[in-house]
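A.B. asks: 1167 is the number of the first residue of the sequence shown in this note's numbering; add one for each residue after it.
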Amino acid sequence: MSVTPQAAAHPVTRPAVAFRGRIGRDRRSGHYAVPRRYRLHLSTACPQGLAIAVTHSLLGIGDTCPVTFLPAVPDCPDGHAALRPLYEASAHHYQGPALAPVLSDDWSGRIVSTHAPDIMRDLDEHFGDGRAALYPRAAEAALRDVERLCARDIDEAAQRAGRADAEPEERAEALETLLAALGELDHRLTGHDHVMGDQLTAVDVVLWVALVQLDTVHRHHLDAHAVHRVADHPALWAHARRLTAHPAFGAHLDLDGIARRHHAGCRGLEAAGSAVQILDWAAHADGARPAHRP
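(1) Using C-beta distances below 6 Å, list every residue in its chain close to Glu-1436, excluding the 5 sequence neighbours before and after it, in chain order.
(2) From Leu-1206 to Ala-1411, what distance separates their C-alpha atoms?
(3) Mapping the DSSP letters down to three states, classify Ser-1279 as helix, strand or coil.
(4) In the DSSP assignment, find the unbroken alpha helix (DSSP H) run with Asp-1468 in it and report its ends.
(5) Are the Cβ atoms of Ala-1327 and Ala-1340 separated by less than 8 Å?
(6) Determine the direct distance from the alpha carbon of Ala-1438 to that of Ser-1168, and round the result to whole angstroms.
(7) Indicate whether Gln-1443 and Asp-1381 have their beta-carbon atoms separated by less than 8 Å.
(8) Would you call Pro-1267 buried or exposed, if buried means 16 or more other Cβ atoms sit within 10 Å of its Cβ?
(9) Which one of Gly-1434, Leu-1409, Arg-1427, His-1428 has the shortest CA to CA distance from Ala-1448?
(10) Apart from the five residues just before and just after Thr-1356, which ones in its own chain have a Cβ nearer than 8 Å to its Cβ?
(11) How far does the alpha helix (DSSP H) with Ser-1270 in it reach, from first residue to last?
(12) Just confirm the distance between the C-beta atoms of Gly-1282 and Ala-1217, as a whole number of angstroms; I'd bet it's less than 8 Å.
(13) Tell me whether Gly-1215 is buried or exposed, calling it buried when 16 or more other Cβ atoms sit within 10 Å of its Cβ.
(14) Mind the definition here: the region 1316-1326 touches the region 1340-1351 only if three or more C-beta pairs lie below 8 Å; say whether that holds.
(15) Going by the CB atoms, is the gap between Asp-1290 and Ala-1368 shorter than 8 Å?
(16) Which parts of the region 1223-1271 are runs of the alpha helix (DSSP H), unbroken and 4 residues or longer, counting only runs that do not cross its ends?
(17) In this structure, how does DSSP classify Leu-1380 when only helix, strand and coil are distinguished?
(18) Classify Asp-1446: buried if its beta carbon has 16 or more other beta carbons within 10 angstroms, exposed otherwise.
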């Protein structure tokens, strides 16, 4: 199994260990696709955990792969206490933080993976019914392109655009990168129900989570003019509204948890954009069935 350092989410700052086991892929790991063998440990206040939770609900695999939901803010200085035994069993003399998300193996009591994109793909490939694959093979390259766009040109660019300690030119460049990505995706969605056309795929999940983060976290560090420019992508935000009303999406939207997680770890300065909410997420999620919260 590949084990590499990864950056920890706030408020934990020490590097964690990233486990990259794959279900049904690595013969040496023994991680065969057996129903009820694996368990997810997720905090839906974390963007990676939210994306996995939505994927899990879309696939309808609650009985096949159960989920343990974790608090929005880790309950220990070094992560989630409930995950500590899994990390210690999975890495010799492990001293790092115990962070979510985690896919664990109930048979061995060890971690299979902490890498959200791999977890989502393996759930879809090995436990989905195959009738509406979230990762259609014919569109794999395009799916990865949109995933990179969301990670690099939306999430990372929005963070750079809101950094109070950055030079104005750096913030302006990052904002233009963000707006270009939003414009490209808005164009894709004009006249289409989903990013890849008529079929809902994993990139709709990834994009929705990126937009949730953009409006509930990153917006607080942008100026009001920048937020108005971000909001000026009607097809994109209409898509976000539609998905939020879907039970698999809106039922996992823990707005209070996201706010608490943000405030627990944020070291940036609040800007005027904090007062300019783009979507009323709670109102659009009203029709979604309630999800358990710890």
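Even for Gly, the Cβ is constructed at its ideal location relative to N, Cα and C.
C.D. replies: Result, derived from the coordinates:
(1) His-1386
(2) 24 Å
(3) strand
(4) The structure shown does not extend to residue 1468, since the chain is modelled only from 1167 to 1460, so the question has no answer here.
(5) yes
(6) Below a pLDDT of 50, predicted positions are generally treated as unreliable, and Ser-1168, at 46, falls in that range; the measurement from the model is reported next regardless. For Ser-1168 and Ala-1438, the distance between alpha carbons rounds to 43 Å.
(7) yes
(8) buried
(9) Leu-1409
(10) Ala-1401
(11) Element bounds for Ser-1270: not the alpha helix (DSSP H) but the beta strand (DSSP E), 1268-1271.
(12) The question names Gly, but residue 1282 is Ala in the sequence shown. Contact holds; Cβ gap of about 6 Å.
(13) buried
(14) yes
(15) yes
(16) 1250-1256
(17) helix
(18) exposed
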